[in-house]
Structures are given as C-alpha cells and as structure tokens.
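K.L.:
Protein chains in written order, with the numbering used here: chain A, 11 to 150; chain B, 19 to 158.
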C-alpha cells in the first residue's frame with residue numbers, strides 16, 4: 011500500500027495535468043477553427059457585397075463587368091476555406107489526442123497564396139474600372 | 019517501480035512535450051495570422067467597395083474621381099498585409115519551436131501608420147464627395 015500509493019498519486023496528478031493541458035489545447039484548437047470561420051465569413055460577405063453593389067448599376071449598364079467574377083472568386087475561396095479548415099480542425103484534434111501536433115505550413119501557404127492572388131485580382135479590377143472609359147460614361 | 023516511473027517521466031517530458039504550452043502557442047500564432055488575414059481581406063474588400071461605390075457618381079462626369087485611388091491604396095495595403103503576415107507567421111513559428119519568441123512592435127507601428135494614412139485619405143475623400151453629389155443632382 012505504502013509502496014504503491016505515492017507513484018499512483020503522482021501518476022494520477024500527472025494524468026490530471028495532462029487532461030487539463032489537453033482540454034486547454036482542444037479549446038485553443040476550437041478558437042483557431044472559429045478564427046478560420048470568421049475569415050471565411052469575411053471572404054463570403056465581401057463576395058456578396060461586391061456582387062450586390064454591381065446590381066445597383068444593373069439597370070443602366072448591362073455590360074458584364076469584372077466585379078461579378080471577383081465576388082464569385084471571393085465567395086468560392088471563402089467556401090473552400092470553410093471545408094479545408096473543418097478538415098484541419100479534426101486533424102489537429104486527433105493530433106492533440108495523440109500528442110503528435112505539428113503546426114501546419116501548407117495550409118497557411120495555400121491560404122496566403124489564395125488571398126494574395128485575390129488581392130492582385132482586386133488591384134487589377136480597380137485599374138480596369140478606373141481606366142476603362144465605359145465605366146465613366148454610362149450609356150443610357 | 020520508482021525507477022520505472024522516473025524513466026517514463028523523463029521520456030514524456032523530453033521527447034513528447036518539451037514545452038507544455040507548445041500546441042497552444044502554435045494555435046495562438048495561427049489565430050494571430052488569421053486575424054491579420056481578416057484585416058487584409060477587409061482592406062481589399064473595402065477597396066473594391068469604394069471603387070464600386072464610384073458608380074453612384076454622376077454618369078456624365080468624364081474625369082475619374084479620387085475614389086479609385088483610395089480603393090487602390092486600400093487594396094495595396096491589404097496585399098502587403100497578406101505577404102507580411104505570412105512572413106511573420108513563419109518567423110514566430112520558428113521562434114516558438116526554439117523558445118526565442120520576442121514580441122515585435124515594428125509591425126504594429128507600421129500597420130498603424132498605414133491605416134492612419136488610409137484614414138486621412140478617407141477624410142480627404144469625404145470632403146471631395148459633396149461637390150460630386152451636387153453634380154449628380156444637377157442634370158436631373
């Protein structure tokens with residue numbers, strides 16, 4: 011009893027500590043997932059706003075502009091972010107349980123590349139909108 | 019028993035979890051990255067929105083306003099934020115793994131300056147808009 015008790019207690023303390031640490035890690039993972047979701051919602055929301063603002067000019071201008079495509083790309087990247095980050099959440103959850111967590115680099119790299127391409131598209135769109143003469147003189 | 023327990027303790031502490039908050043730190047780093055990315059997405063989205071709102075300008079006004087320049091500035095700052103925050107993420111990731119993380123004021127100050135310049139641009143834009151609103155009403 012005396013011999014087996016101290017290690018038992020320490021072991022118990024240790025597992026308790028580990029469970030606590032695991033719970034904190036799990037909730038950190040969930041917060042990260044929610045941050046991904048917010049990024050996706052921002053992307054999709056801006057996609058909708060860009061497309062909706064195009065609708066305002068619809069009656070006077072039937073030309074299919076870039077804005078519609080840009081809004082679609084925003085929304086598609088947002089949707090892809092939802093799916094990929096959900097998969098990522100479950101992957102990290104499993105890794106935390108198995109104590110084999112490694113921070114992801116490909117996911118960050120892909121997301122940054124996607125948003126950077128989006129930014130280049132936005133800048134191109136702004137130049138196209140500013141420099142095309144038809145966007146200033148709307149035919150009636 | 020005691021020896022056995024000691025060896026497992028060393029094993030878990032040295033190989034499995036060198037830093038008990040490592041997972042949390044990496045996940046927090048990922049969330050910070052995502053917060054930067056959300057800011058970048060907002061900047062680019064507002065860039066597009068500003069340019070699209072330009073279509074409310076008088077249709078017969080032949081000269082481009084300042085709106086597209088402001089939109090371009092927003093988008094460029096957004097694009098730079100994407101690139102710098104990705105670089106920052108990988109830097110902090112490295113620092114967490116090697117336990118050499120130091121908080122940097124540099125990016126915060128730089129970003130504040132950029133947003134302050136954008137704010138000044140927005141205020142300037144607001145003061146130039148009323149004249150074009152009058153122009154919108156004049157032809158009717």
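Each residue gets a CB set at the ideal place from its N, CA and C atoms; glycine is no exception.
Source: prediction; values computed, not measured.
Output the boundary residues of the alpha helix (DSSP H) element that contains residue 117 of chain B.
P.N.:
The residue labelled residue 117 of chain B in the question sits at position 99 within the second chain. That residue, residue 117 of chain B, is in no alpha helix (DSSP H); it is neither H nor E in DSSP.
K.L.:
Is the CB of residue 60 of chain B under 8 Å away from at least one CB in chain A?
P.N.:
By 1-based counting over the second chain, the position of residue 60 of chain B is 42. Taking Cβ atoms only, chain A reaches closer than 8 Å to residue 60 of chain B, which makes this a yes.
K.L.:
Taking DSSP as the reference, what is the three-state secondary structure of residue 39 of chain A?
P.N.:
The count along the first chain starts at 1 and reaches residue 39 of chain A at position 29. It is helical.
K.L.:
Just to check my reading of the structure: residue 159 of chain B and residue 133 of chain A have Cβ atoms closer than 8 Å, yes? What is that Cβ distance to the nearest angstrom?
P.N.:
Because chain B spans 19 through 158 in this model, residue 159 of chain B falls outside it and cannot be assessed.
K.L.:
Using CA atoms only, rank isn't needed, just tell me which of B/141, B/88, B/66 and B/40 is closest to residue 78 of chain A.
P.N.:
In the first chain, residue 78 of chain A corresponds to position 68, counting from 1. Closest option to residue 78 of chain A, Cα to Cα, is B/66.
K.L.:
Counting only the same chain and skipping the five closest in sequence on each side, list residues whose C-beta sits under 7 Å from that of residue 135 of chain B.
P.N.:
Here residue 135 of chain B corresponds to residue number 117 of the second chain, with the count starting at 1. If we look at residue 135 of chain B and ignore the five residues flanking it on each side, it has no Cβ neighbours.
K.L.:
Of the choices A/111, A/128, A/140 and A/138, whose alpha-carbon is the least far from that of residue 62 of chain B?
P.N.:
Position 44 of the second chain, counted from the first residue, corresponds to residue 62 of chain B. Of A/111, A/128, A/140 and A/138, the residue nearest in Cα terms is A/128.
K.L.:
Any beta carbon from chain A within less than 8 Å of residue 55 of chain B's own beta carbon?
P.N.:
Taking the second chain and counting its residues from 1, one reaches residue 55 of chain B at position 37. Taking Cβ atoms only, chain A reaches closer than 8 Å to residue 55 of chain B, which makes this a yes.
K.L.:
Mapping the DSSP letters down to three states, classify residue 144 of chain B as helix, strand or coil.
P.N.:
Looking up residue 144 of chain B in the second chain gives position 126. In this structure, residue 144 of chain B counts as helix in the three-state DSSP scheme.
K.L.:
In whole angstroms, what separates the C-alpha of residue 86 of chain B from that of residue 137 of chain A?
P.N.:
Counting from one through the second chain, the residue named residue 86 of chain B turns up at place 68. Counting from one through the first chain, the residue named residue 137 of chain A turns up at place 127. One C-alpha to the other measures close to 8 Å.
K.L.:
Please determine whether the Cβ atom of residue 85 of chain B lies at a distance below 7 Å from any heavy atom of the ligand NAP.
P.N.:
The model on display carries no ligand, and the ligand NAP is accordingly not part of it.
K.L.:
Counting only beta-carbon separations shorter than 8 Å, does residue 92 of chain A have a partner in chain B?
P.N.:
As a working note, residue 92 of chain A is residue 82 in the first chain. Answer no: the Cβ-Cβ gap between residue 92 of chain A and chain B never drops below 8 Å.
K.L.:
Which residue's Cα is closest to the Cα of residue 89 of chain A: A/139, A/25, A/56 and A/103?
P.N.:
Numbered from its first residue, the first chain carries residue 89 of chain A at position 79. With distances taken between Cα atoms, residue 89 of chain A lies closest to A/56.
K.L.:
Give the residues from the stretch 26-48 of chain A that approach chain B closer than 7 Å (Cβ to any Cβ), ordered along the chain.
P.N.:
Within the stretch 26-48 of chain A, the qualifying residues are 31, 34, 35, 38, 39, 41, 42, 45, 46 and 48.
K.L.:
Tell me which residues of the stretch 118-130 of chain A have at least one Cβ-Cβ distance to chain B shorter than 8 Å, keeping chain order.
P.N.:
The residues in question are 118, 119, 121, 122, 125, 126, 128, 129 and 130.
K.L.:
Give the C-beta separation of residue 80 of chain A and residue 131 of chain A to the nearest angstrom, bearing in mind that I take them to be a contact with Cβ-Cβ under 8 Å.
P.N.:
In the first chain, the residue the question calls residue 80 of chain A occupies position 70. In the first chain, the residue the question calls residue 131 of chain A occupies position 121. Yes, residue 80 of chain A and residue 131 of chain A are in contact; Cβ-Cβ is about 6 Å, under 8 Å.
K.L.:
Which residues in the same chain as residue 95 of chain B place their Cβ atom closer than 6 Å to its Cβ, once the five residues preceding and following it in sequence are excluded?
P.N.:
Along the second chain, one-based indexing puts residue 95 of chain B at 77. Within the same chain, residue 95 of chain B has close Cβ partners 61 and 132.
K.L.:
Taking the C-alpha atoms as reference points, what is the distance between residue 126 of chain A and residue 57 of chain B?
P.N.:
By one-based count along the first chain, residue 126 of chain A stands at place 116. By one-based count along the second chain, residue 57 of chain B stands at place 39. Cα to Cα, the separation comes out at about 13 Å.
K.L.:
Do you know offhand how far residue 59 of chain A's Cα is from residue 85 of chain A's?
P.N.:
Your numbering for residue 59 of chain A matches position 49 in the first chain. Your numbering for residue 85 of chain A matches position 75 in the first chain. Going from the Cα of residue 59 of chain A to the Cα of residue 85 of chain A covers about 10 Å.
K.L.:
Of the residues B/70, B/107 and B/103, which one's Cα is nearest the Cα of residue 90 of chain B?
P.N.:
What you label residue 90 of chain B is simply residue 72 of the second chain in a count that begins at 1. It is B/70.
K.L.:
So the alpha helix (DSSP H) residue 134 of chain A belongs to, where does it begin and stop?
P.N.:
Residue mapping note: residue 134 of chain A aligns to position 124 of the first chain, counting from 1. Per DSSP, residue 134 of chain A belongs to the alpha helix (DSSP H) from 116-141.
K.L.:
Could you check the C-alpha separation between residue 106 of chain B and residue 26 of chain A for me, to the nearest Å?
P.N.:
Along the second chain, read from residue 1 onward, the residue named residue 106 of chain B stands at position 88. Along the first chain, read from residue 1 onward, the residue named residue 26 of chain A stands at position 16. About 35 Å.
K.L.:
Within its chain, find whatever has a CB closer than 7 Å to the CB of residue 139 of chain B; leave out the 5 residues flanking it on each side and keep chain order.
P.N.:
Position 121 of the second chain, counting from 1, holds the residue named residue 139 of chain B. For residue 139 of chain B, where only same-chain residues beyond five positions count, the Cβ hits under 7 Å are 88 and 91.
K.L.:
Quick one: Cα of residue 29 of chain A to Cα of residue 94 of chain A, how far?
P.N.:
The residue given as residue 29 of chain A occupies position 19 in the first chain. The residue given as residue 94 of chain A occupies position 84 in the first chain. The straight-line gap from Cα to Cα measures roughly 28 Å.
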